[in-house]
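Asks:
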Amino acid sequence: MSERLLSHYFQSAHFIAFTFAQQNPASLLDKHQPNMSTLKLGSLLIRTLAKPVATSIKTQAKQHPAFREFCIGVAQQSHKLEMTLKMKFLGYKKEVIRPLNDARAVEAGANFLSESFVFGVAASIIIAEQWRSHYTAKERRNYVDDALENLESDRADMKEEVKTMRDNMNLLEERVQLMQDENDRLRKVLDEVLSVSLGLKPHSQYEQPTVVRLPGVSTEN
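Residue numbers for the sequence shown follow the numbering used here, so the first one is 966 and each next one is one higher.
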């Protein structure tokens, strides 16, 4: 196929992926509650965008006989499978499946290949985007977990520092109390010394030591 055709394929696929992402990409992977409107819109977009691709495939089929035979084979197999399913599940009358003529087969094969290609590329882009979003969310969760662990560690360190500071404050309070007691004792001594020096009161009588006298022993020199 020509480079112009491939470029058109990828432009179409990117447009589909962007439209699906705007609707709600996660709904494509939700197995329990599928978003039917998104699926219908996606199917319509694929069919619409596949038309110019199918036209290009038809042109290629006319220019390349081998590719033409490939399109015819794909169309015949697809037609046979479609009719078999319809007769089996939809109640169609069972009859011999007649093959398509070459013109219709080329057109049907081109449509099938174009829709399959566009859908495959779009699905690959959407799955890749889902994987990237999942990976980004996982990295974000890991970052949040690490941040919480760091906060817990900092909190534990702060609690330890607060405990150490509280112990130091208690020790300082004890020392201050001891200094206050010593200061009160010294103040009393200074008050007494000043009072005696100024003659305001006699010197305090201190208790004399008790002298033990032994029989036969004289303490006089």
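For every residue, glycine included, the Cβ atom is placed at its ideal position computed from N, Cα and C.
Given a cut-off of 7 Å on the beta-carbon distance, is the pair Q1041 and P1064 in contact?
Replies: Yes.
Asks: If you follow the alpha helix (DSSP H) that N1066 is in, where does it begin and where does it stop?
Replies: Taken as a continuous stretch (DSSP letters only), N1066 belongs to no alpha helix (DSSP H), as it is neither H nor E.
Asks: Among K1045, A1073, A1070 and F1054, which residue has its Cα nearest to the Cα of V1061?
Replies: Measuring from the Cα of V1061, the nearest candidate turns out to be K1045.
Asks: Can you tell me whether A1073 is buried or exposed, with buried defined as 16 or more other CB within 10 angstroms of its CB?
Replies: It counts as buried.
Asks: Do A1070 and I1037 count as a contact pair if the criterion is CB distance below 7 Å?
Replies: It is a contact, given that the beta carbons lie within the stated cut-off.
Asks: Which word fits D1146, buried or exposed, when buried means at least 16 other C-beta atoms lie within 10 angstroms of its C-beta?
Replies: It is exposed - the Cβ of D1146 has fewer than 16 other Cβ atoms within 10 Å.
Asks: Closest by CA to F1035, which one among E1047, K1059, L1078 and Y1057?
Replies: Of E1047, K1059, L1078 and Y1057, the residue nearest in Cα terms is L1078.
Asks: I'd like to check one pair, A1019 with A1087: are the Cβ atoms closer than 7 Å?
Replies: No, the Cβ-Cβ distance between A1087 and A1019 is not below 7 Å.
Asks: Count the other CB atoms, across all protein chains shown, that sit within 10 Å of the CB of L1014; report buried if there are 16 or more and exposed otherwise.
Replies: Flag for L1014 reads buried.
Asks: Alpha helix (DSSP H) containing V1061: first to last residue?
Replies: Neither: V1061 is in no alpha helix (DSSP H) and is coded neither H nor E.
Asks: Could you pull out every residue in the same chain whose Cβ sits closer than 7 Å to the Cβ of K1059, ignoring the five residues on either side in sequence?
Replies: Correct list, in chain order: M1052.
Asks: Secondary structure at L1163, three-state DSSP: helix, strand or coil?
Replies: Reduced to three states, the DSSP call for L1163 is coil.
Asks: With H1044 as the anchor, note down where its alpha helix (DSSP H) starts and where it stops.
Replies: Taken as a continuous stretch (DSSP letters only), the alpha helix (DSSP H) holding H1044 covers P1030 to F1054.
Asks: Could you tell me the distance, in whole angstroms, from the CA atom of S1098 to the CA atom of D1110?
Replies: When rounded, the distance between both Cα atoms is 18 Å.
Asks: Using the Cα positions of L1116 and N1107, report the straight-line distance between them to the nearest angstrom.
Replies: Going by the C-alpha atoms only, they are around 14 Å apart.
Asks: What does the Cβ neighbour count give for V1127, buried or exposed, with the cut at 16 atoms within 10 Å?
Replies: Per the 10 Å Cβ criterion, exposed.
Asks: Rounded to whole angstroms, what's the CA-CA distance from T1024 to Q1095? Just pull it up for me.
Replies: So the two alpha carbons sit approximately 35 Å from each other.
Asks: Could you tell me the distance, in whole angstroms, from the CA atom of S1081 to the CA atom of E1104?
Replies: Going from the Cα of S1081 to the Cα of E1104 covers about 34 Å.
Asks: Can you grab the Cα-Cα spacing for the pair V1083 / G1056, in whole Å?
Replies: Approximately 31 Å, taken between the alpha carbons.
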